[in-house]
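Below is one structure; the comments refer to it alone.
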Amino acid sequence: MNVTVPWREFICRACGHIYNEKKGDPDSGIAPGTRFEDIPNDWLCPLCGVTKADFVPYDRAASEKARQSACASAPVLARSRVLGRARDHDVVIIGGGTAAWRTAEAIRQVSEYLSIAIVAACDAHRYDKPMLSVAFARGLTPAGMIKESGAAAAARLCVDLFPRTSATSITAARSELRTTRGSFHYRHLVLAHGARSILPPGLTPGHCWRINHLDHYARFCAALEGGRKHVLMVGAGLIGAELANDLALGNHRVTLIDVADRPLARLVKDGAVTEALFAAWKSLPIEFIGGITISTSEKIAVGYRVTLSNGTVLHPDMIVVAAGLQTPDRLSRSAGLEWNNGIVVNPVSLRTCLPGIYAIGDCASIAGKVSRFIEPIARQALTIASQIHGDKLLPYADLPLPVRVKTTSYPITVR
Amino acid sequence: MTQADLAVDASSKAQPVHPLIASVRDIARNQLAGQVQAIDRGLYPADVLRKLAAAGAMSAHLNAPHGHGDYALAIQAMAEVAKVCGATGFMMWCQAVCGLYMQEASASKLAGQPLSDHVAGKRLGGTALSNPMKTYAQIESFLLQAKPVDGGYRVNGALPWVSNLKRDHYCGAIATLEGSPGREMMFLLRCDAPGMTLRQCPSFSGMEGTGTYALHLSDYFVPQHEVIADPAKPLIKRIRAAFVMLQCGIAAGVIQGAIDSMWAVEPQLGHVNQYLEDRPDTLQAELDELLARVMKLAATPCNDSDEFFIEVLDARAHGAELSLRAAQSALLHQGARGYLMDSEVQRRVRESHFVAIVTPAIKHLRSEIARLSQEEMPA
Chain A
1 MNVTVPWREF ICRACGHIYN EKKGDPDSGI APGTRFEDIP NDWLCPLCGV
51 TKADFVPYDR AASEKARQSA CASAPVLARS RVLGRARDHD VVIIGGGTAA
101 WRTAEAIRQV SEYLSIAIVA ACDAHRYDKP MLSVAFARGL TPAGMIKESG
151 AAAAARLCVD LFPRTSATSI TAARSELRTT RGSFHYRHLV LAHGARSILP
201 PGLTPGHCWR INHLDHYARF CAALEGGRKH VLMVGAGLIG AELANDLALG
251 NHRVTLIDVA DRPLARLVKD GAVTEALFAA WKSLPIEFIG GITISTSEKI
301 AVGYRVTLSN GTVLHPDMIV VAAGLQTPDR LSRSAGLEWN NGIVVNPVSL
351 RTCLPGIYAI GDCASIAGKV SRFIEPIARQ ALTIASQIHG DKLLPYADLP
401 LPVRVKTTSY PITVR
Chain B
1001 MTQADLAVDA SSKAQPVHPL IASVRDIARN QLAGQVQAID RGLYPADVLR
1051 KLAAAGAMSA HLNAPHGHGD YALAIQAMAE VAKVCGATGF MMWCQAVCGL
1101 YMQEASASKL AGQPLSDHVA GKRLGGTALS NPMKTYAQIE SFLLQAKPVD
1151 GGYRVNGALP WVSNLKRDHY CGAIATLEGS PGREMMFLLR CDAPGMTLRQ
1201 CPSFSGMEGT GTYALHLSDY FVPQHEVIAD PAKPLIKRIR AAFVMLQCGI
1251 AAGVIQGAID SMWAVEPQLG HVNQYLEDRP DTLQAELDEL LARVMKLAAT
1301 PCNDSDEFFI EVLDARAHGA ELSLRAAQSA LLHQGARGYL MDSEVQRRVR
1351 ESHFVAIVTP AIKHLRSEIA RLSQEEMPA
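If you read the sequences in order, they're chains A and B.
If you count by this note's numbering, then the first sequence holds residues 1 to 415, one letter each, in order.
If you count by this note's numbering, then the second sequence holds residues 1001 to 1379, one letter each, in order.
Shown next, in the form of structure tokens:
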């Protein structure tokens, strides 16, 4: 027996059974202290019956590290303390962004006793989303943009936070929300899950960046590293124009395309303003191609080959899509909520068609219109909180807003 | 709950019973019920399975002439059997998905006489897709390797725990292709062919009569006419929802069986059982609602979108969670009589555990929903 080499472990790829050389497998006639290579080839996994060849070295430390990394987003039970009791809440909020946290804050302003759970698909860190399209030129790192971690916000507001948890379906009759970490029961449910980027025809999801979340922005920034890149920006609306401006200021070459014949076509009606923007962009590496769609795109050895509807062929290193947002409808369909381009809410109370269920922010639709802006969210949160706890409705008013276009080389305000 | 409620037999609601369901019910009551304890301990119910197949119970979901593309009916038939015996319900699923593989086979020969024999119950088969399905969900890695050779492939490797097998059975299996990274081949694996060995597994806590073995393949030859799909991924994407959806039949049967056994003791024990949570009426309402959801999904089994698959995975997870709750509550409702070794109630607790851990297990379902819910971005 060679005891100078430490005892090793081998794991069955089929069932996870671990063979420990020190212990052997006496039930199968393998004495304690048998080195793995000395086990006969006809030995079988004592648990599931596959062969010796299906065992691989088991690195306990690496496995533990992988486990810790995969479990980094454990629930933060600021209030309930015990996971098993953490499934019944006065208020369950779906979402991890500004709308969700504003709702939690507004409820805490009126009640310190109501139990609140936040079910978020992300880590629910607090940051200013509008900064995503101006952060690059300012040298803001994704980590530096976090103002408060999800866990810290949960502790401050005494909220049970379930990060990296996908909400799958709602059964309104039982006031139950099903998620990837089990089911929740609620008295009030607030849908604050936001919207997702639209992918125009001709593009493949795995080829295109969409900068609608800090996580995605962080990965995008990592991909941008290593020298100047040619970025194809699809969509020259508010976000597309801001991002194009920001990346060009960072000295990346940007081709900005849009179905309209000029950038910001839906927002800016004054041709002189567009001309002034073009003039400001003249010194930047931005090329705008308007009145165009994408015919095909494919991944090639380095970057992508993109054919436009006018026959132009581009070879960008990266493709970024900013062609608008769309609210996902699976949750509201499962609940039977009324839908019109988003979750239909009462314009004054922000209630959906079902009692006890509200929608706020990007996912709420008022008379078929959805707002993609931050300003209304704080007021919407107060309206919802006033109904969850309080005897007087604080009515919401859908006000016209000035829109600031943060194309920093030529900022625009649209009233 | 009132006395009037007690008279309600959940299986005999006013709707007319489909002739297939009537046949299945008859086989389950008169031929299967008496063997259930023996099946739990290791008897493989070949006769019952052949009769169920011959009645059309494992082929309603297949295309004409073998079935009517009726997934809802296939799920209901499975539930009728699983209500009596979860193990047999599970083997119906094995046979049903194996038939689906044969129907979809690119080698059209499999969809001919072999499929006809399969549908008639003359031949029985299973599915060795637990490992590939977990590999596609990024939980495991492939255990079988295939090498292209003249006229077909040579396959090597071993798989644990494949069910509904005997020496003269077969199953659908998937192997990675040597020299073609990221590509796999699906084939019909015959248990009696050279190079194939079935090995007995250590005992499980129940459902021992499911014909479950470890498979060892040593230079096993797959002739071209037994290839189901090469590459396998497009077929898997097409049938993954159907594969998972059909399992809801096992869950529905186990849950209904548990609820029925709660009603059975209500007249004597209702006065104390009233203090339990998860009473039969509330469980029945939740099951009915889940079944309505599954029946709706069953109307479009070929939808291959991720969104639809998430809904199917969620319904399957709900079925597993409700199985656990219902079986556990049935044991509490029945008390000591449910704890007897021969009681269907304690057997069903173990069957419910199986529904929760068989691939895809509750944890796999949730992990896959989480993975599919993320927006796909460049690597």
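Yeah, the Cβ is synthetic: ideal placement off N, Cα and C, and Gly gets one too.
Counting of Cβ neighbours within 10 angstroms places residue 1293 of chain B among the buried residues, the total reaching 16 or more. For residue 1131 of chain B, the chain A residues whose C-beta falls within less than 8 Å of its own C-beta are 14, listed in chain order. DSSP places residue 160 of chain A within a strand segment (E or B) once states are collapsed to three. Excluding the 5 residues flanking it on each side, residue 1168 of chain B has same chain C-beta neighbours closer than 6 Å at 1192, in chain order. Between residue 48 of chain A and residue 194 of chain A, the gap from beta carbon to beta carbon reaches 8 Å or more. At a cut-off of 8 Å between beta carbons, residue 71 of chain A makes no contact with chain B. At least one CB atom of chain A sits nearer than 8 Å to the CB of residue 1318 of chain B. Bounds of the beta strand (DSSP E) holding residue 1171 of chain B are 1170 to 1177. Contact check for residue 1276 of chain B against residue 1259 of chain B fails: the beta carbons are separated by 8 Å or more. Nearest neighbour of residue 321 of chain A by Cα position, chosen from A:243, A:409, A:60, turns out to be A:243. Using a Cβ-Cβ distance cut-off of 8 Å, the segment 153 to 171 of chain A and the segment 111 to 118 of chain A are in contact, since at least three pairs of beta carbons, one from each stretch, lie closer than that value.
Across the structure, residue 371 of chain A and residue 361 of chain A are spaced so that their CA atoms are roughly 7 Å apart. For the segment 1143 to 1161 of chain B, the set of positions with a beta-carbon nearer than 8 Å to some beta-carbon of chain A reads 1143, 1157, 1158, 1159, 1160, 1161 in chain order.
Residue 1083 of chain B sits buried, since 16 or more C-beta atoms from the chains shown fall within 10 Å of its C-beta. For residue 189 of chain A, the enclosing beta strand (DSSP E) stretches over residues 182 to 191. In the displayed model, residue 1277 of chain B falls within coil according to three-state DSSP, outside both helix and strand. For residue 363 of chain A, the three-state secondary structure derived from DSSP is helix.
Ranked by Cα distance from residue 217 of chain A, the options A:343, A:146, A:266, A:261 are led by A:146. For the 8 Å CB-CB criterion, residue 273 of chain A and residue 412 of chain A form a contact.
For chain A, none of the residues of the segment 1241 to 1258 of chain B brings a beta carbon within less than 7 Å of one of its beta carbons. The C-alpha of residue 109 of chain A lies about 10 Å from the C-alpha of residue 389 of chain A.
The residue from A:202, A:385, A:73 with its alpha-carbon nearest to that of residue 111 of chain A is A:385. Listed along chain B are 1378, each with a C-beta nearer than 8 Å to that of residue 223 of chain A. Taking a cut-off of 8 Å for Cβ pairs, the segment 1190 to 1207 of chain B and the segment 1098 to 1106 of chain B do not touch, as fewer than three such pairs fall below it. Between residue 1224 of chain B and residue 1107 of chain B, the C-beta gap is smaller than 8 Å, which places the two residues in contact. Counting other Cβ atoms within 10 Å of its Cβ, residue 71 of chain A stays below 16 and is therefore classed as exposed. Out of B:1063, B:1025, B:1127, the CA that lies nearest to the CA of residue 1091 of chain B is found in B:1127. With a threshold of 8 Å between beta carbons, residue 44 of chain A makes contact with chain B.
Rounded to whole angstroms, the Cβ separation of residue 129 of chain A and residue 97 of chain A is 7 Å, and the two are in contact under 8 Å. Under the 10 Å beta carbon count, residue 1047 of chain B is surrounded by fewer than 16 other beta carbons and is classified as exposed.
DSSP places residue 1220 of chain B in the strand class (E or B) of the three-state scheme. Close to chain A, meaning a Cβ-Cβ distance shorter than 9 Å, are the following residues of the segment 1191 to 1223 of chain B: 1199, 1200, 1201, 1202, 1213, 1214, 1215, 1216.
Between the segment 1251 to 1258 of chain B and the segment 1344 to 1363 of chain B there are three or more C-beta pairs closer than 8 Å, enough to call the two in contact. Interface residue (Cβ-Cβ distance to chain A less than 8 Å): residue 1236 of chain B is not classified as such.
Around the beta-carbon of residue 1273 of chain B, 16 or more other beta-carbon atoms lie within 10 Å, marking it buried. Not one beta carbon of chain B lies nearer than 8 Å to the beta carbon of residue 111 of chain A.
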